[in-house]
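Enquirer: There's a structure below that I have some questions on.
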Amino acid sequence: MNQEEQVKLMGLWGSPFSKRVEMALKLKGIPYEYIEEDVYGNKSPMLLKYNPVHKKVPVLIHNGRSIAESLVIVEYIEDTWKTSHTILPQDPYERAMARFWAKYVDDKVMLAVRKACWGPESEREKEVKEAYECLKCLEKELGDKLFFGGETIGFVDIAADFIGYWLGIFQEASGVTIMTAEEFPKLQRWSEDFVGNDFIKEVLPPKEKLVAVLKAMFGSVTSN
Amino acid sequence: MGDREEVKLLGVWYSPYAIRPKIALRLKSVDYDYVEEDLFGSKSELLLKSNPVHKKVPVLLHNNKPIVESLNIVEYIDETWNSSGPSILPSHPHDRALARFWSDFVDNKWFPALRVAAITKSEDAKAKAMEEVEEGLLQLEDAFVSISKGKPFFGGEAIGFMDICFGSLVVLLKAREKFKAEKLLDESNTPSLCKWADRFLSDETVKNVVPEIDKVVEFLQELEVRAQSAASRS
Chain F
1 MNQEEQVKLM
11 GLWGSPFSKR
21 VEMALKLKGI
31 PYEYIEEDVY
41 GNKSPMLLKY
51 NPVHKKVPVL
61 IHNGRSIAES
71 LVIVEYIEDT
81 WKTSHTILPQ
91 DPYERAMARF
101 WAKYVDDKVM
111 LAVRKACWGP
121 ESEREKEVKE
131 AYECLKCLEK
141 ELGDKLFFGG
151 ETIGFVDIAA
161 DFIGYWLGIF
171 QEASGVTIMT
181 AEEFPKLQRW
191 SEDFVGNDFI
201 KEVLPPKEKL
211 VAVLKAMFGS
221 VTSN
Chain B
1 MGDREEVKLL
11 GVWYSPYAIR
21 PKIALRLKSV
31 DYDYVEEDLF
41 GSKSELLLKS
51 NPVHKKVPVL
61 LHNNKPIVES
71 LNIVEYIDET
81 WNSSGPSILP
91 SHPHDRALAR
101 FWSDFVDNKW
111 FPALRVAAIT
121 KSEDAKAKAM
131 EEVEEGLLQL
141 EDAFVSISKG
151 KPFFGGEAIG
161 FMDICFGSLV
171 VLLKAREKFK
181 AEKLLDESNT
191 PSLCKWADRF
201 LSDETVKNVV
211 PEIDKVVEFL
221 QELEVRAQSA
231 ASRS
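These protein sequences, in sequence, are chains F and B.
Note that the UniProt record's numbering has the first sequence beginning at 1, numbered continuously upward.
Note that the UniProt record's numbering has the second sequence beginning at 1, numbered continuously upward.
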């Protein structure tokens with residue numbers, strides 16, 4: 001494999017967006033070189049070159065060209081490497097449903113959870129309720145399926161990685177509870193299966209490190 | 001596919017998002033029934049049943065199966081009627097990724113900034129938003145030049161995914177320019193985009209499905225009046 005064919009991924013160790021791409025690469029068995037970016041500190045010239053529009057990670061570099069935006073990258077990975085693990089279904093209607101729910105996670109769920117955990121105290125109750133309702137919608141969509149993707153981890157599961165792993169940690173660090181095992185038995189079971197998967201757990205950031213970083217961040221928020 | 005396909009599109013005439021599936025269906029020569037929704041009045045039973053999560057248009061119903069979210073619908077149309085008409089999404093994975101990236105940019109960065117500029121009462125916020133809109137247009141100009149490689153559209157010889165995504169907003173943009181006497185698409189700043197916009201609006205698949213600019217201007221005027229009278233009542 002020549003230099004250009006090699007896959008490089010610029011990412012951030014604790015970011016669920018960055019990890020989505022790593023999960024897709026692992027599931028498909030694609031080797032890659034990982035480059036940690038100090039996004040909050042000093043953005044590297046490489047990042048500014050490969051993602052001049054958003055200056056964010058993750059960024060995938062393959063065949064000398066770069067792709068940004070985590071779900072765009074995951075679709076690129078699916079399009080480029082036809083391996084036995086498929087991330088999106090074959091049927092156009094099922095694909096449309098997968099894209100819909102992935103977008104729902106991104107646009108609604110993650111925003112609502114962020115507002116609930118990070119927002120002002122005065123809005124807390126309202127935002128928690130909103131986040132709760134969004135998660136209930138997902139709980140219903142998951143139903144009795146093993147994964148959102150069916151028998152195997154798919155596009156929506158990858159998009160919902162935050163819920164599978166980070167949400168619990170966010171709740172612990174912020175002291176805000178939105179999702180409990182009693183209220184969300186299906187999502188709870190799903191998240192255990194998700195983080196228990198061999199490929200997924202290989203890329204997850206260490207919990208203690210995340211809790212420490214988040215507590216420091218939340219500490220500064222709640223002390224206002 | 002032996003049985004007659006039933007294709008229905010729920011939309012509203014003024015929505016750029018509803019224009020997108022219309023263009024895609026025309027590109028693929030698919031016949032469909034169009035249902036105009038009254039979003040200012042009450043949403044139809046069919047809409048509420050087909051899109052219970054967001055209750056928004058557009059919604060495509062294909063043999064009674066609902067597909068929602070405008071760009072999702074466009075991809076669905078491309079994948080379902082894949083042997084008809086041009087490919088809406090490019091075939092090369094990297095070109096596909098670029099089309100998805102730029103349409104995400106338009107929908108999640110550029111257009112929201114334009115909306116803020118249009119709605120906000122704060123002069124500071126408006127100025128900041130307009131700066132983002134103008135910078136976005138310059139970025140889109142560069143993207144167009146690099147992606148089209150001298151061809152007429154983002155999609156090449158024929159209208160493609162990014163043309164549909166950004167093009168659907170051009171009528172709104174031009175209507176706003178007329179309404180507010182503000183130039184947004186400027187020949188000196190974004191010459192290629194200006195030419196592309198004219199080509200897009202006069203294309204066979206587009207010109208009969210986009211609303212007339214003057215009708216949209218009237219609509220924007222009406223919206224402003226409604227907003228002002230609501231504000232004065234509160």
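Just so it is clear, CB atoms sit at the ideal spot from N, CA and C, and this is done for glycine as well.
The structure presented is a predicted model; accordingly, all values stated were derived computationally and were not measured.
The beta strand (DSSP E) spanning F/A68 covers which residue range?
Expert: Translated into positions along the first sequence, residue 68 of chain F becomes position 68. Note, F/A68: beta strand (DSSP E), 65-68.
Enquirer: Once DSSP output is grouped into helix, strand and coil, what is the label at F/V7?
Expert: Counted from its first residue, the first sequence places residue 7 of chain F at position 7. Correct three-state label for F/V7: strand.
Enquirer: If you follow the alpha helix (DSSP H) that B/E157 is in, where does it begin and where does it stop?
Expert: The sequence position of residue 157 of chain B within the second sequence is 157, counting from 1. Segment: none, B/E157 is in no alpha helix (DSSP H) and carries neither H nor E.
Enquirer: Just how far apart, CA to CA, sit B/L174 and B/I213?
Expert: Taking the second sequence and counting its residues from 1, one reaches residue 174 of chain B at position 174. Taking the second sequence and counting its residues from 1, one reaches residue 213 of chain B at position 213. The sequence as given places Lys at residue 174 of chain B; Leu does not occur at that position. Answer to the nearest angstrom: the Cα atoms are 7 Å apart.
Enquirer: Name the two residues that bound the continuous alpha helix (DSSP H) containing F/D198.
Expert: Along the first sequence, one-based indexing puts residue 198 of chain F at 198. Counting along the chain, the alpha helix (DSSP H) containing F/D198 begins and ends at 198-203.
Enquirer: List the residues of chain F whose Cβ lies closer than 8 Å to the Cβ of B/D104, in chain order.
Expert: Translated into positions along the second sequence, residue 104 of chain B becomes position 104. Those are E69, V72, listed as they occur along chain F.
Enquirer: Between which two residues does the beta strand (DSSP E) holding B/D33 run?
Expert: Counting from 1 along the second sequence, the entry for residue 33 of chain B is found at position 33. Note, B/D33: beta strand (DSSP E), 33-36.
Enquirer: Using a C-beta cutoff of 8 Å, does B/K215 count as contacting chain F?
Expert: Locating residue 215 of chain B in the second sequence gives position 215, counting from the first residue. With 8 Å as the cut-off, B/K215 does not count as an interface residue toward chain F.
Enquirer: Check F/E36 in the structure and name its three-state DSSP category.
Expert: For this step, residue 36 of chain F is matched to residue 36 along the first sequence. Three-state DSSP puts F/E36 in a strand.
Enquirer: Could you tell me whether the segment 80-100 of chain B touches the segment 120-127 of chain F, using the rule of 3 or more Cβ pairs below 8 Å?
Expert: In short, these stretches do not touch, since the Cβ pair count stays below three.
Enquirer: State the Cα-Cα distance for the pair F/E202 and F/D144, rounded to the nearest angstrom.
Expert: For this step, residue 202 of chain F is matched to residue 202 along the first sequence. For this step, residue 144 of chain F is matched to residue 144 along the first sequence. Whole-angstrom Cα-Cα distance: 26 Å.
Enquirer: Name, going along the chain, the residues of the segment 70-91 of chain B whose beta-carbon falls closer than 8 Å to a beta-carbon of chain F.
Expert: Cβ contacts with chain F come from N72, I73, E75, Y76, E79, T80.
Enquirer: So what does DSSP say about F/F148, is it helix, strand or coil?
Expert: Looking up residue 148 of chain F in the first sequence gives position 148. Here F/F148 sits in coil by DSSP.
Enquirer: My parser needs the beta strand (DSSP E) runs of 3 or more residues fully inside the segment 58-118 of chain B; what are they?
Expert: You should have 59-62, 65-68.
Enquirer: Specify, as a first and last residue, the run of the beta strand (DSSP E) that B/V145 falls within.
Expert: Translated into positions along the second sequence, residue 145 of chain B becomes position 145. Here B/V145 belongs to no beta strand (DSSP E); instead the alpha helix (DSSP H) covers 123-148.
Enquirer: For F/Q188, I'd like the list of residues in its chain whose CB is within less than 7 Å of its CB, leaving aside the five on either flank, ordered along the chain.
Expert: Within the first sequence, residue 188 of chain F is the residue found at index 188, counting from 1. Result list for F/Q188: A181, in chain order.
Enquirer: Quick one: what's got a C-beta closer than 8 Å to B/Q228's C-beta in the same chain, skipping five residues either side?
Expert: Start at 1 with the first residue of the second sequence, and residue 228 of chain B comes out as number 228. No residues qualify anywhere along the chain.
Enquirer: Is F/R95 close to chain B? Criterion is C-beta to C-beta, closer than 8 Å.
Expert: Position 95 of the first sequence, counting from 1, holds the residue named residue 95 of chain F. Yes, contact with chain B.
Enquirer: Could you name each continuous alpha helix (DSSP H) segment of 4 residues or more that falls completely within the segment 163-219 of chain F, going from the start of the chain to the end?
Expert: If we require 4 residues or more, the alpha helix (DSSP H) runs fully inside the segment 163-219 of chain F come out as 167-174, 185-196, 198-203.
Enquirer: Would you mind stating whether B/P152 and B/R199 have Cβ atoms separated by less than 8 Å?
Expert: Residue 152 of chain B sits at position 152 when you count from the first residue of the second sequence. Residue 199 of chain B sits at position 199 when you count from the first residue of the second sequence. A contact, by the Cβ cut-off of 8 Å.
Enquirer: Give me the residue from F/D79, F/A216, F/V57, F/F184 with the minimum Cα distance to F/W13.
Expert: Locating residue 13 of chain F in the first sequence gives position 13, where the first residue counts as 1. Of F/D79, F/A216, F/V57, F/F184, the residue nearest in Cα terms is F/V57.
Enquirer: Using CA coordinates, which residue listed in B/L25, B/I19, B/S87, B/P191 is at the minimum distance from B/L138?
Expert: Here the question's residue 138 of chain B lines up with position 138 in the second sequence. Checked all of B/L25, B/I19, B/S87, B/P191; the closest Cα to B/L138 is B/P191.
Enquirer: State the beta-bridge partners of F/I61 as determined by DSSP.
Expert: By one-based count along the first sequence, residue 61 of chain F stands at place 61. F/K8, F/S66, per the DSSP bridge assignment.
Enquirer: Is the distance from the Cβ of F/I169 to the Cβ of F/K209 below 8 Å?
Expert: For this step, residue 169 of chain F is matched to residue 169 along the first sequence. For this step, residue 209 of chain F is matched to residue 209 along the first sequence. No, the Cβ-Cβ distance between F/I169 and F/K209 is not below 8 Å.
Enquirer: Hey, could you find the ends of the alpha helix (DSSP H) B/G167 is sitting in?
Expert: For the purposes of this step, residue 167 of chain B is taken as residue 167 along the second sequence, with counting starting at 1. First-last of the alpha helix (DSSP H) with B/G167: 161-180.
Enquirer: With a 10 Å radius around its C-beta and 16 neighbouring C-beta atoms as the bar for buried, classify residue 226 of chain F as buried or exposed.
Expert: Outside the displayed range of chain F (1 to 224) lies residue 226 of chain F, so it cannot be described from this structure.
Enquirer: Mind the definition here: the segment 68-85 of chain B touches the segment 108-119 of chain B only if three or more C-beta pairs lie below 8 Å; say whether that holds.
Expert: Segments in contact, no.
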